[in-house]
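2 protein chains.
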Amino acid sequence: MAKVYIALIHHPVYNKKKDIVSTCITGVDLHDIARSALTFGVRKYFVVNPMPAQLKFADRIISCWKKEESFTHNWTRAEAFRLVELAENLDEVLGKLKNPIVVATSAQPRGRVKFKKVRALIKKSRRPVLILFGTGWGMADKLFLKVDYTLEPVNGISTYNHLSVRSAVAIILDRLLGG
Amino acid sequence: MAKVYIALIHHPVYNKKKDIVSTCITGVDLHDIARSALTFGVRKYFVVNPMPAQLKFADRIISCWKKEESFTHNWTRAEAFRLVELAENLDEVLGKLKNPIVVATSAQPRGRVKFKKVRALIKKSRRPVLILFGTGWGMADKLFLKVDYTLEPVNGISTYNHLSVRSAVAIILDRLLGG
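As given, the protein sequences belong to chains A and B, one line each in that order. Take 538 as the starting number for the first sequence in the working numbering and just add one per residue. Take 538 as the starting number for the second sequence in the working numbering and just add one per residue.
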């Protein structure tokens, strides 16, 4: 089975006017997604943002939860935070992994690769698999040039398709790695 | 197919010392879970908390997002907030529904009913189905006396089983109602 990694992309992403922007790292994204990552055996959760002030902010939170006393206070959170690693851009993440298969996710219908197919790929592959999650109104088109597969969107019952990224990550990891 | 409702329970729940407490309503719980609820066709998302100050706080957020101008600003959030309804306790929620089947969720292994079974139940039942989600360190034992079924926990790959409630709700709704 492949080693699975995830990356939360804050730039380049779109805002609602389709401008390319950087979105902000939030404490709740660090927290929730780290817990989902650990639950589903993900090896590392990369948080990608080019802005020094943002990286400093995130590093402060992460470092706090990696201290010994944090384990005493809330081991479930501290344990999850061990998976979190910061990066300035996607190329930096790709450089840390050995020839990964890159799978993008999207709420838009641009992705056509079935969950079933990626689940099987993860099961058989010897190469690591890196799954990308966008923030804002989605990853910029140019990022998709670095991607091997784009997953179909998570569809529910209604036509409404605007899950929070935290919820989308949880569902996607469950569909790809859950029992 | 049954009409499905969900309730986020803030009291009575346990803290980490097993005391019975009330936990606080958070904006991100209102936001994320409302989006998940709307994605999966849930009819109402009840937020259950007995404390007047907490209900007032939540009502202020909900009311804001139900105003016309909110739809212009962020329709995806405003649309989701339409599903949110406050209640002081579980009995109040049960009183609003017509003889619901009550399904509890738990991160503890107390639940043994398979997801497959509850999914089939929802498909066939004419009675509404109410799914309960706890906060803190889980719903108090006495609440389970009002419950018809307790779902098996969401298990990932590792033995770690400490998803945020937002992530757990997303996964469970997907497993029960997703395509």
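Don't be surprised by glycine CBs; every beta carbon is placed ideally from N, CA and C. These figures come from a predicted structure and were not determined experimentally.
So for residue i, helix, strand or coil by DSSP?
i: L713(A); result: helix
i: K555(A); result: coil
i: G671(B); result: strand
i: L623(B); result: strand
i: L688(B); result: strand
i: K581(A); result: strand
i: L545(A); result: strand
i: A644(B); result: coil
i: I638(A); result: strand
Residue i versus chain A: which residues are under 9 Å apart at the beta carbon?
i: R572(B); result: Y697, H699, L700, S701, S704
i: T609(B); result: Within chain A, no residue comes near T609(B); the closest Cβ sits about 11 Å away, beyond 9 Å.
i: E616(B); result: Y697, H699
Using a C-beta to C-beta distance shorter than 8 Å, which residues of chain B count as neighbours of residue i?
i: A644(A); result: Within 8 Å Cβ-Cβ: nothing; A644(A) doesn't reach chain B, min ~10 Å.
i: F577(A); result: G693, I694, S695
i: E622(A); result: What E622(A) touches in chain B: nothing, since even the nearest Cβ is about 18 Å away.
With burial defined as no fewer than 16 other Cβ atoms inside 10 Å of the residue's Cβ, what is the status of residue i: buried or exposed?
i: M538(A); result: exposed
i: S701(B); result: buried
i: I657(A); result: Residue 657(A) is actually Ala in this sequence, not Ile. So A657(A) counts as exposed.
i: I659(B); result: buried
i: L713(B); result: buried
i: R597(B); result: exposed
i: G673(A); result: buried
i: G555(A); result: It is worth fixing the name first, because residue 555(A) is Lys in this sequence and not Gly. With fewer than 16 other Cβ atoms within 10 Å, it is exposed.
i: T576(B); result: buried
i: G755(B); result: Chain B is shown only over 538 to 716; residue 755(B) falls outside these bounds and no answer can be derived.
i: K661(B); result: exposed
i: D711(B); result: buried
i: K604(A); result: exposed
i: G716(B); result: exposed
i: K679(B); result: exposed
i: G632(A); result: exposed
i: S643(A); result: buried
i: T696(B); result: exposed
Cβ of residue i versus every heavy atom of the ligand ZN: is any distance shorter than 8 Å?
i: V706(A); result: Annotation note on the ligand ZN: not contained in the displayed structure, which lists no ligands.
Excluding the 5 residues flanking residue i on each side, which residues of the same chain have their C-beta closer than 7 Å to its C-beta?
i: P665(B); result: A539, K540, Y542, L634, K635, P637
i: C601(A); result: S607
i: N698(B); result: A644, P690, N692
i: P587(B); result: H548, S559, E625, N626
i: L620(B); result: A571, A574, L575, V579, K581, Y582
i: A707(A); result: S573
i: P646(A); result: P690
i: V655(B); result: V640, Y686, L688, L713
I want to verify the contact list: residues of chain B whose CB lies under 9 Å from the CB of residue i, in sequence order.
i: H568(A); result: S701
i: D556(A); result: Result: empty, since nearest Cβ-Cβ is about 16 Å, beyond 9 Å.
Please return the same chain residues whose Cβ sits closer than 6 Å to the Cβ of residue i, not counting the five positions on each side in sequence.
i: V558(A); result: N552
i: D569(A); result: R703
i: R580(A); result: K540, Y542
i: A615(B); result: W602, S607, F608
i: V630(A); result: A544, F583, A624
i: A617(B); result: A571, R572, L575
List, in chain order, every chain A residue whose beta-carbon is nearer than 8 Å to that of residue i.
i: L714(B); result: G693, I694
i: V684(B); result: Within chain A, no residue comes near V684(B); the closest Cβ sits about 23 Å away, beyond 8 Å.
i: I708(B); result: A707, I708, D711, G715
Show which residues of chain A have a CB atom less than 7 Å away from the CB atom of residue i.
i: T613(B); result: H699
So which residues on chain B does residue i lean against when the C-beta distance must stay under 7 Å?
i: V565(A); result: V565
Whose C-beta lies closer than 8 Å to the C-beta of residue i among residues of the same chain, with five residues either side of it excluded?
i: T613(A); result: R572
i: V550(A); result: I557, V558, S559, T560, G671, T672, G673, W674, G675, M676, A677
i: A705(A); result: T642, A644, F670, V691
| query | Three or more beta-carbon pairs under 8 Å between the segment 592–611 of chain A and the segment 649–662 of chain A, yes or no? | reply | no
| Can at least three beta-carbon pairs, one atom from the segment 562–569 of chain A and one from the segment 673–693 of chain A, be found at a separation below 8 Å? | no
| request: Tell me, please, whether the segment 614–634 of chain A touches the segment 579–596 of chain A by the rule of three or more beta-carbon pairs shorter than 8 Å. | output: yes
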